[in-house]
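Heads up: the structure comes next, in structure tokens.
Residue numbers (this note's numbering), protein chains in the order written: chain A, 3 to 293; chain B, 3 to 293.
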């Protein structure tokens, strides 16, 4: 298939590479152009703008930072929409506001093209392995057309509703992570301060009703007080902001997510924004005088 | 082995039954005496007091409500300690304050007997099936002696430290459950209010970093707005109180657990204390105008 990939960062580059290796005819573009070179060396065509990348592509993938970036690379002056052919599909893997996803979908529909909002979870490791979880909003029939491509990138592809629903699902994911990590951090802090065998406690509670991915995969780092990536606190804070805005639009109070977001802002201010978000454990640890 | 079991409630009765069925010579006692009858019909001897039940027993199990109950049935006038022989072991499965577990252990040690604090998780279903998780504080050598008996009751037996450590571990378990459930409740409320396919959202996020026992096993009930047991909110509130007191003793601030405890108090006041603790979802649901 003729495909384009725009946005070759930590996530985008390995995703584009997987599409190329799966045998697709790939054109790439990145704002910082030299990031196109490794993929070019593997056989991808380079394009000087998102519009040029999209020209002739059946599917154009985008993976950038935030809502304004998506508006710019899709609907901007040299944006994907300028080069997109009728019937083509844009798959946006960025994590952005659900309302912006709906806005972009409407704009593309007006020129007989399609948007799927398809944020992912699973980190850069998942991007390399093709084991991402992809949450998709948009037309089911459009998803069916591109599903073989998404299967190259992710092991779980879930259609959660109309345009914006993929983003909403990602927002829910980040809200649940926020409070779950904060809860794990408090519990382990109590254990650490109490002179019990903390590793044994972790072992004892992981299999029951307190068990979670975070407890098993991030608990040991919280106990050690080291927070290797993972997923950056600065990005989780950005995503929580999207979630809180989306919730506020619908008058859904999320006091726990808001409280965790404030803790993350404090961590970012102190220079810890590029650690893994499990560094939320710094807050109760330091309050308890550990460290 | 000659064993005693004192406290034949929802948890204690099926645990005692398993010990009997495993071939042990069992004496039972319960404050409300007629609860002894079903076990008596199966071959257990009845005792008129904890002291009498403990007489001649190598191991005496206790499973009652809270710290004062444990102090009374073990150290009280007709308590287990009055009948206990030298070298005998008391295994207390109640969830109580770590400091009280240490106090009881000290008192028993003075008469050459032993306490293991061994609170459990896994609910009445785990008690029936013998699949409880048992968190044990006390001497490792004493645990080794009674481990064959505990294996009749639980599938995971973890030694977490000295006297009180089992209770501390249970406290950590309840602290982690508190915030995790609150986080799930917020996330699912956002999903419900947003018109996406909530079941698909649950499916999409369960396998990743937001995944937890609570999300998978209680998420569907939170979406349905029904809270079958499970584990009662009133008991979780009691356990959080123990955890917060133990944390306060060591000057460990647990703002998230404290906040969830206040929500649970509100639910109990409104008459929802005997629902499952996943009814924490009532709080964000109602704030968002769902129901």
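For each residue, glycine too, the CB sits at the ideal point set by N, CA and C. All figures in this text were calculated on a predicted structure; none of them were measured in a lab.
Interface flag for residue 205 of chain B against chain A is set, since a Cβ pair is found closer than 8 angstroms. For the C-beta of residue 195 of chain A, the chain B residues within less than 9 angstroms are, from N- to C-terminus, 249, 252, 253 and 254. Residue 68 of chain B sits in coil when the DSSP states are folded into three classes, being neither helix nor strand. Closer than 7 angstroms at the C-beta level to chain A, one finds these residues of the segment 116–147 of chain B: 123, 124, 135 and 137.
For the segment 108–170 of chain A, the full-length alpha helix (DSSP H) segments reaching 4 residues or more read 125–131 and 142–155 along the chain.
At least one CB of chain A lies nearer than 8 angstroms to the CB of residue 213 of chain B.
The residue among B:61, B:230 and B:110 with its C-alpha nearest the C-alpha of residue 78 of chain B is B:110.
Closest option to residue 243 of chain A, judged by alpha-carbon separation, among A:263, A:235, A:258 and A:254: A:263.
When secondary structure is reduced to three states using DSSP, residue 253 of chain A falls in the coil class, being assigned neither helix nor strand. The CB of residue 290 of chain A comes closer than 8 angstroms to the CB of 252, 253, 254 and 255 in chain B, given here in chain order.
Under a 10 Å Cβ-count criterion, residue 166 of chain B is classified as buried, with 16 or more other Cβ atoms of the shown protein chains found around its own Cβ.
Its Cα nearest to that of residue 48 of chain A, the residue A:18 stands out among A:266, A:18 and A:291. Taking 8 angstroms as the cut-off, the Cβ atoms of residue 190 of chain B and residue 235 of chain B do not count as close.
For the C-beta of residue 179 of chain B, the chain A residues within less than 7 angstroms are, from N- to C-terminus, 211 and 212. Selection A:119, A:230 and A:44 evaluated against residue 104 of chain A yields A:119 as nearest (Cα-Cα). DSSP, reduced to helix, strand and coil, places residue 270 of chain B within a helical segment of the structure shown. About 33 angstroms separates the Cβ atoms of residue 156 of chain B and residue 175 of chain A, ruling out a contact at the 8 angstroms cut-off. Around residue 239 of chain A, the same chain offers 263, 266, 267 and 270 as residues with beta carbons nearer than 7 angstroms, after the five sequence neighbours per side are excluded.
A straight-line Cα-Cα distance of about 43 angstroms links residue 290 of chain A and residue 94 of chain A. Chain A places no beta carbon closer than 8 angstroms to that of residue 243 of chain B, leaving this residue out of the contacts. Straight through space, the alpha carbons of residue 185 of chain A and residue 180 of chain B are spaced by roughly 7 angstroms.
Spatial neighbours of residue 162 of chain A in its own chain (CB-CB distance under 8 angstroms, excluding positions within 5 residues in sequence) are listed in chain order as 137, 138, 139, 168, 170 and 171.
In the structure shown, residue 6 of chain B falls within a strand segment according to DSSP collapsed to helix, strand and coil. Non-local C-beta neighbours of residue 248 of chain B in its own chain, meaning closer than 6 angstroms and more than five positions away in sequence, comprise 100 and 173, ordered along the chain. Contact annotation: residue 22 of chain B and residue 45 of chain B have beta-carbon atoms nearer than 8 angstroms. The way I'd put it, the segment 214–227 of chain B doesn't touch the segment 122–137 of chain A; fewer than three beta-carbon pairs between them come closer than 8 angstroms.
According to DSSP, residue pairing for residue 61 of chain B in a beta bridge involves B:5 and B:91.
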